[in-house]
Each structure stands twice: as C-alpha cells, then as structure tokens.
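Residue numbers (my numbering): 68 to 404.
Written out as structure tokens, the structure reads:
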C-alpha cells in the first residue's frame, strides 16, 4: 500500500539501498522529551498520553504534508509502544503504510554492566571533545547549549567531566563488549514492525572515543545481516564521522544534530558543519529547531541550504505545530502545501 497524501510528494534522496524522504517524522515529544523543561515535558505527556491524539497528528502529517517515514524507539517502552500503536492506528485509518526508522541502543558492557549512559561514559565523551578542540573552544560551545542544559537536569553545574568523574581508561576500553543477548531483546521490541532503516544509537561516539572501532564494525555487520539499510546517530559528529570513515567503516548515512544556534553539535558547531560537508554519505539532520528555540523557514534554510544536509527529521507536536513547521519545511524545499 502506498501513502495516501493530498499534497505534492516529498522528494527523496538515495540512502543505501532505498529512496529516503527529505523530510521525516521524529519521535519527540511523544516520548516525553521537549528539550525545554520539566513543565513542558509534563504538558506533552498529558497531551499525548493516549493513542488517538497521537494518531490524529501523524495522520495530519501524512495526509496533508506528505510524510511517509517515522522514527521509532525502544528506550522508554511504555511511551514508545504507545507511539508505535499510534502509527499502526494511522495506517489502519488511512489504509497505507508508514515506513519506520528504528533507533536501536547499543548495549556496551564492561564486566557485565551496560555502560552506555553511566557517568564515566559522559566523562569520557567530555574528554573526547576537549581533546579535539581545546578547552576554550569547547567551553564556549557548551555554555550556550540549552539542549545540553536540559539533558543534564536544567543546569550545566550538573555536567560530568574528567575532573569530577574518572573517564574510561584504555584498559577499561579493551574489556568493552556488546551484549548481543540484550540487543536481541531490544530488537524484539520491534517485532511485527516494518523496519525501513536501522539506526544504531549514538553510543557509536563512545566506542570511537575509546578507539574500539572493531566493535563498531562488528555491530554494523550484525545489523547488516538483519536490515538492508543501516545508518548511525552521531552526537559528536565533528570528531566521530571523520574517525570512523578514516577506519573504513561504511554506514549508509548519519543522523546528526544540525541547527543554526549550534546546540548539541559537538565538539563545536564548525567541526560538525565541516564533517557534514566533507562526508560523501547522506546526512539526516535532527534538532533543526534547537528544541523549539529557532523556528520557521530559517531553521530549514540553515540545515538544507547553509550546511547542505540531505534530509531533516523533526518532532511533530500538535496538529497546529505540524501545520506551521511542515509548511515552513516544504516551502524551503519548494513544495506546494
């Protein structure tokens, strides 16, 4: 079944073995993440705590703006399952398919413990960025980053650094493993789903930071046995993309934060822009509106025209928000709405 849309189709770009749309539905705020504050998170949970309101928005995006691909996740099982149910409900209502881009966390372990989001991992990544650009440039970058501030609890005083927590040593890194039994459980979350694109989580950055490119390749090979198209989320793109390409690791593309204010673009905005422009792989930009702080056509003009990404993924929100943002995005691409 094809997507039932009332408008001019969104153009596509080659991504691995598929044609991928230049505009894609992100998962926020349906997973409780606003990138604003706790009150906005709570408001979103009230708005989108049931299947039908979410399905109403997704249906609006599909029918009236031509969207055909949605990001899905497994890290917050209750809300992520609700989001999947809303996608299925939309497909039932419209009698059409929505292709899925699945974010799949990489369960990196040390001595049997998953380390991906432990404080030592954050400390290691802080040191990774610091070593790449120096303290002055890095601190100037993160001090203006309101998304980073949100993710660490509302104040940068909560940042974990090598001065506050010991990063992983090379000896630790040599003991890193990927827990494939846990990974199979993660993949089981998507049982019955039509996965269009597999997206290993941004834990790729941690593996690159400690030099475990062998594990990155191993994980990529594992996913390629199961999915036709495999890309990677990269939050520290200014360092990680050049490194993994230097090692000959061949993802089909990347998902990278790209926005004019430079939020969540590590180690610095300039380094990320350089990495995006210099890779020959397609880049899907996320956070184009800097967590709701940089709105309208200018957000998409920056990503598409100034930086040169191939595609943009953004959160949907309410029907009114979808109308405003999708219209702006389509206008930048020269599409009729």
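We put the beta carbon where it would ideally sit given N, CA and C, even for glycine.
Item	Value
Contacts around residue 418, its chain only, beta-carbon distance under 7 Å, and the 5 residues preceding and following it disregarded	This structure leaves residue 418 out entirely; the chain is present only between 68 and 404.
Every unbroken alpha helix (DSSP H) within the segment 337 to 398, with a cutoff of 4 residues, ordered by chain	364 to 367
Straight-line Cα distance separating residue 375 from residue 303	18 Å
Rounded separation between residue 203 and residue 209 - CA only	10 Å
Where the alpha helix (DSSP H) containing residue 144 begins and where it ends	144 to 161
Beta-carbon proximity check, residue 342 vs residue 305, cutoff 7 Å	yes
Sequence-distant residues of the same chain with beta carbon closer than 7 Å to residue 126, five excluded per side	157, 160, 161
CB contact flag (residue 427, residue 227, <7 Å)	The requested residue 427 is not part of the displayed model; the chain covers only 68 to 404.
Residue closest to residue 225, alpha-carbon to alpha-carbon, out of 233, 215, 245	215
Opposing strand residues paired with residue 300 [DSSP bridges]	322
Environment of residue 281 [buried if 16+ CB atoms lie within 10 Å]	exposed
Touching by the beta-carbon criterion (3+ pairs, under 8 Å), the segment 276 to 295 and the segment 324 to 336	no
Nearest-angstrom Cα separation, counted from residue 73 out to residue 399	19 Å
Cβ pair count under 8 Å reaching 3, the segment 72 to 88 against the segment 263 to 271	yes
Residue 255 to residue 267 span [Cα, whole Å]	15 Å
Between the CA atoms of residue 193 and residue 231 - distance to the nearest angstrom	11 Å
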